[in-house]
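Notes follow once the structure below has been shown.
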Amino acid sequence: MKFTFVYAGWEGSANDCRVFTTALETPRLEFPHPPPGKYYVVDSGYPTRDGYLTPFKGERYHLNDYRGRRNQPRSTKELFNHRYSSLRNVIERSFGALKNRFPILRKMPPFAFRKQALIVIACCAVHNFIRDHQIADKNLAHYANPNMTAATHTSAAIDDEGPSDRVAEINIIKKNIANQLARDNQLPPI
1 MKFTFVYAGW
11 EGSANDCRVF
21 TTALETPRLE
31 FPHPPPGKYY
41 VVDSGYPTRD
51 GYLTPFKGER
61 YHLNDYRGRR
71 NQPRSTKELF
81 NHRYSSLRNV
91 IERSFGALKN
101 RFPILRKMPP
111 FAFRKQALIV
121 IACCAVHNFI
131 RDHQIADKNL
141 AHYANPNMTA
151 ATHTSAAIDD
161 EGPSDRVAEI
171 NIIKKNIANQ
181 LARDNQLPPI
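UniProt numbering puts the sequence shown at residues 1 to 190.
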């Protein structure tokens with residue numbers, strides 16, 4: 001539960017996908033793209049791109065949708081989305097731990113905008129330092145619990161972008177991952 005990239009300095013009303021796309025497409029920011037064969041999970045509103053997986057659209061998606069014995073995944077796409085949502089929940093819990101540790105992030109004083117951005121970066125750096133040095137941390141112990149469901153934030157959807165053959169290839173990879181999960185859980189393939 002560490003932060004690998006912090007891009008502070010956008011207004012709170014900025015669209016998450018716009019911030020993400022700018023980070024990806026601005027070489028000087030040195031965004032740490034996933035290595036070949038690895039993937040980052042991104043919000044359902046983000047476009048399909050190389051190295052970034054979104055959930056299956058039109059299927060249950062949020063962890064709370066799967067609470068209770070009768071609400072377990074019933075299809076391969078739902079199983080993928082459930083596992084995907086579990087990974088996304090780690091991201092949300094990381095933000096929860098950060099904001100709990102540094103209350104200034106929940107109610108930022110009216111400092112100059114640049115100073116506010118630097119405070120966010122400093123808080124993330126201290127958070128990572130604590131994680132790297134395995135300092136006893138009750139705050140993180142609470143948020144590290146995989147059964148804890150953090151409040152999720154979903155970005156406004158935008159159309160898939162990029163060459164359609166690359167989008168199709170990423171969708172095939174997603175389908176293959178889902179089918180592997182299906183085999184492991186005795187569900188029919190897609």
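Just so it is clear, CB atoms sit at the ideal spot from N, CA and C, and this is done for glycine as well.
#### Entry: Nearest-angstrom Cβ-Cβ length linking alanine 97 and asparagine 139, presumed shorter than 8 Å
Indeed, because the Cβ distance is near 6 Å, the residues count as touching under 8 Å.
### Task
Just tell me which of Met1, Lys2, Phe3, Ala23 has its CA closest to the CA of tryptophan 10.
Between tryptophan 10 and the set Met1, Lys2, Phe3, Ala23, the nearest pair of CA atoms involves Ala23.
### Task
Quick one: residues in its chain with C-beta nearer than 8 Å to the C-beta of leucine 105, no 5 flanking neighbours on either side, listed in chain order?
Beyond the five residues adjoining it in sequence on each side, leucine 105 comes within less than 8 Å, by CB distance, of Leu98, Lys99, Ile119, Val120, Cys123 in the same chain, given in chain order.
### Query
Under a three-way DSSP split, which group does arginine 101 fall into?
If DSSP states are grouped into helix, strand and coil, arginine 101 belongs with the helices.
### Task
May I ask you to report which of helix, strand or coil DSSP gives leucine 187?
In the structure shown, leucine 187 sits in coil (DSSP, three-state: anything other than H, G, I, E or B).
### Message
Let's see if you can read the secondary structure: which residues bound the alpha helix (DSSP H) around glutamine 116?
### Response
Counted as a single uninterrupted DSSP element, the alpha helix (DSSP H) harbouring glutamine 116 occupies residues 113-132.
### N- and C-terminal bounds of the alpha helix (DSSP H) containing asparagine 64
Unbroken run through asparagine 64: none, as it is neither H nor E.
### Endpoints, the alpha helix (DSSP H) within which phenylalanine 5 is located
Premise fails: phenylalanine 5 is in no alpha helix (DSSP H) and is neither H nor E.
### Task
Return yes when the Cβ of arginine 131 is within less than 8 Å of the Cβ of lysine 2, no when it is not.
Against a cut-off of 8 Å, the Cβ pair of arginine 131 and lysine 2 comes out as a contact.
### Query
Is it buried or exposed for proline 103, if we count other Cβ within 10 angstroms and need 16 for buried?
In summary, proline 103 is exposed, with fewer than 16 beta-carbon neighbours lying within 10 Å of its beta-carbon over all protein chains present.
### Query
How many Å lie between aspartate 160 and glycine 45 at the Cα?
Interpretation of aspartate 160 is limited by its pLDDT of 48, a score under 50 that renders its predicted location unreliable; the figure taken from the coordinates is listed afterwards. Going by the C-alpha atoms only, they are around 9 Å apart.
### Terminal residues of the alpha helix (DSSP H) in which histidine 142 lies
Where histidine 142 is concerned, the enclosing alpha helix (DSSP H) stretches over 138-144.
### Query
For leucine 53 versus lysine 175, is the C-beta distance shorter than 8 Å?
Leucine 53 is not a Cβ neighbour of lysine 175, given a cutoff of 8 Å.
### Cβ distance (whole Å) where isoleucine 170 is taken to contact aspartate 50 below 8 Å
Isoleucine 170 to aspartate 50, Cβ: 6 Å. Contact.
### Message
For isoleucine 158, count the other beta carbons within 10 Å of its own beta carbon; 16 or more makes it buried, fewer makes it exposed. Which is it?
### Response
The predicted position of isoleucine 158 is uncertain, since its pLDDT is 48 and thus under 50; no value can be drawn from it.
### Query
With respect to the alpha helix (DSSP H) encompassing valine 42, which residues constitute its N-terminal and C-terminal limits?
Following the DSSP letters along the chain, one finds valine 42 in no alpha helix (DSSP H), marked with neither H nor E.
### Cβ separation of threonine 4 and proline 27, assumed to be a contact under 8 Å, to the nearest whole Å
Between proline 27 and threonine 4 the Cβ distance is about 17 Å, and since that is not below 8 Å, they are no contact.
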